[in-house]
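Chemist:
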Amino acid sequence: MPAISSKAPGKTILTGEHAVVYGFPAIAVPLPEVTANVHILANPLGAPGEIQIEAPAIQLNSSLRDLDDTHPFKLLLNRIANEFSTNELPSFHLKISSSIPPASGLGSGAAVTVAITRAISTFLGHPFPDDVVNAIAYDIEKQYHGTPSGIDNTVITYNKPVYFIKDEPPSFLELKSDLYLIVADTGIRSETKSVVQAVRDASEHNSSRFDSIFKQIGIISETAKHFIEEGNYSHLGDALIENHHLLQELGVSCPELDTLVQTALNAGALGAKLSGAGRGGNMIAMIANGQQDYIKQALLDNGAIKAFASRIPAKGNNE
Ligand code: PMV
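For this note's numbering, add 26 to where a residue sits in the sequence shown, where the first one is 1.
(1) Looking only at DSSP bridge pairs, what is Val209 linked to?
(2) By DSSP's criteria, Pro195 is part of a beta bridge. Which residues make up the other side?
(3) Report all residues from its chain with a CB closer than 7 Å to the CB of Ala293; omit the five preceding and five following residues, and keep chain order.
(4) Quick one: what does DSSP say Pro35 is sitting in, helix, strand or coil?
(5) Where does Ser124 land, buried or exposed, given buried means 16+ other C-beta within 10 angstroms?
(6) With a threshold of 7 Å (Cβ to nearest heavy atom), would Pro155 be considered close to ligand 1?
(7) Secondary structure at Asn113, three-state DSSP: helix, strand or coil?
(8) Would you identify the three-state DSSP class for Ala296, choosing helix, strand or coil?
(9) For Ser130, which three-state DSSP category applies?
(10) Indicate, with yes or no, if ligand 1 has a heavy atom lying under 7 Å from the CB of Ala303.
(11) By DSSP, does Phe50 sit in helix, in strand, or in coil?
(12) Can at least three beta-carbon pairs, one atom from the region 179 to 190 and one from the region 131 to 148, be found at a separation below 8 Å?
(13) State the DSSP-derived secondary structure class of Glu345, mapped to helix, strand or coil.
(14) Counting along the chain, where does the beta strand (DSSP E) carrying Ala169 start and finish?
(15) Mark Ser234 as exposed unless 16 or more other C-beta atoms lie within 10 angstroms of its C-beta, in which case mark it buried.
(16) Taking 6 Å as the limit between beta carbons, can you name the residues of its chain near Glu345, skipping five residues before and five after?
(17) Counting pairs of beta carbons, one from the region 255 to 262 and one from the region 218 to 225, are three or more of them closer than 8 Å?
(18) Would you mind giving the Cβ-Cβ distance between Arg105 and Asp165, rounded to the nearest angstrom? I have them listed as a contact below 8 Å.
(19) Please report the residue range of the alpha helix (DSSP H) in which Ser220 lies.
(20) Would you say the beta carbon of Val47 comes nearer than 7 Å to a heavy atom of ligand 1?
(21) Check whether the Cβ atoms of Ala62 and Ala161 sit closer than 8 Å, and answer yes or no.
(22) Give a yes or no on whether the C-beta atoms belonging to Val55 and Thr41 are separated by under 8 Å.
(23) Please go through the same chain and pick out, in chain order, the residues whose beta-carbon is closer than 6 Å to the beta-carbon of Val64, but skip the five residues on each side of it.
(24) Tell me whether His152 is buried or exposed, calling it buried when 16 or more other Cβ atoms sit within 10 Å of its Cβ.
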């Protein structure tokens, strides 16, 4: 059997994180510049169920059997086997690598899950359609992250900009023209699960204030959708700035994120905000094409440990 490879992009949230967990809309886009990559090699001499998993980035080189039952790879492979109505997958070697930094708001976990699911189902001769891949990735997110909205697995599976409301079918967005971003990393790792829980705890103590903030964030996503459809990126930038202020009010920013957001705006970005769960991880700056080098350098000079430019292509402009 030939080797099989699969990859899935990272993602960033343009507007609406946290509020999306409570049923308000959010907008996310795939980040094609960073990917999770999976490679499968058949092991024709191996007994069924003999599966070796290698993920050098997390110092993992283990047989599936030796992994703890709660390990996300074990949960995922069991879920995939279940989808094939079998208890045991055939023997193979699974190699995972990723250029998406973990625990930093770029969808690393969901991208690895999607790439593994696609690779294994293709290897077994029945590539799952996107809706099955998405459902599996959402199940794994739920087991691993507690109460995810489902936005990460959706934008990564379908690899398209999405206007997303929890438990509703996704609505995909077509950009009028290319959208340019700089993504910059504070270097502070932050677990989505604990930040989402902290927001939940705080909102239970002050529900009217938090409900009002979630609602305002939801309105920003609605207006941002219109700006995207109109190609009005200058107004979209303003929406991102307003969204960042509301995320500060939710208590999920931090001095390092605020410094990077301010730096990007001072350097001429159209808009900037933290992206993802917050309290670390990455921020995004929306920029005009041509500003990449200057704004990226400003961010690196002001605390970012890494930064990269991304182009989200308009429909029909994928080269
Ligand atoms: O995985 P992250 O850090 O990009 O966070 C996802 C966005 C949240 O709204 C904070 C959580 C969720 O499940 O939507």
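No residue lacks a Cβ here, since even glycine has one placed at the ideal position from N, Cα and C.
Modeler: In brief:
(1) Ile310, Phe334.
(2) Partner residues in a beta bridge of Pro195, as assigned by DSSP, do not exist.
(3) If we look at Ala293 and ignore the five residues flanking it on each side, its Cβ neighbours are Tyr320, Ile321, Ala324.
(4) Strand.
(5) Ser124 should be labelled buried.
(6) Not so, every heavy atom of ligand 1 lies at least 7 Å from the Cβ.
(7) Residue state, collapsed to three classes: coil.
(8) It is Leu, not Ala, that sits at residue 296 in the sequence shown. Leu296: coil per DSSP, three-state reduction.
(9) For Ser130, the three-state secondary structure derived from DSSP is coil.
(10) For Ala303, the shortest C-beta to heavy atom distance toward ligand 1 is below 7 Å.
(11) It is coil, neither helix nor strand.
(12) Yes, since at least three Cβ pairs between the region 179 to 190 and the region 131 to 148 fall closer than 8 Å, the two stretches touch.
(13) Since pLDDT at Glu345 reaches only 48, below the 50 mark, its modelled position is unreliable, and no value is offered.
(14) The question names Ala, but residue 169 in the sequence shown is Gln. No beta strand (DSSP E) holds Gln169; the alpha helix (DSSP H) holding it covers 156 to 171.
(15) Ser234 is exposed by the Cβ-count criterion.
(16) In this predicted model, Glu345 has a pLDDT of only 48, less than 50, meaning its place in the structure is not dependable; the value taken from the coordinates is given anyway. Counting only residues of its own chain and dropping the five nearest sequence neighbours on each side, Glu345 has no CB closer than 6 Å to any other CB.
(17) Short answer: they don't touch.
(18) Between Asp165 and Arg105 the Cβ distance is about 6 Å, and since that is below 8 Å, they are a contact.
(19) Segment 218 to 231, the alpha helix (DSSP H) holding Ser220.
(20) For Val47, the shortest separation between its Cβ and any heavy atom of ligand 1 lies below 7 Å.
(21) Between Ala62 and Ala161, the C-beta spacing is not below 8 Å.
(22) At the C-beta level, Val55 and Thr41 stay beyond 8 Å of one another.
(23) Counting only Cβ-Cβ distances below 6 Å, and skipping sequence neighbours, we find Ser32, Ile122, Ala141, Ile142, Ala145.
(24) Counting the other Cβ atoms within 10 Å of the Cβ of His152 gives fewer than 16, which makes it exposed.
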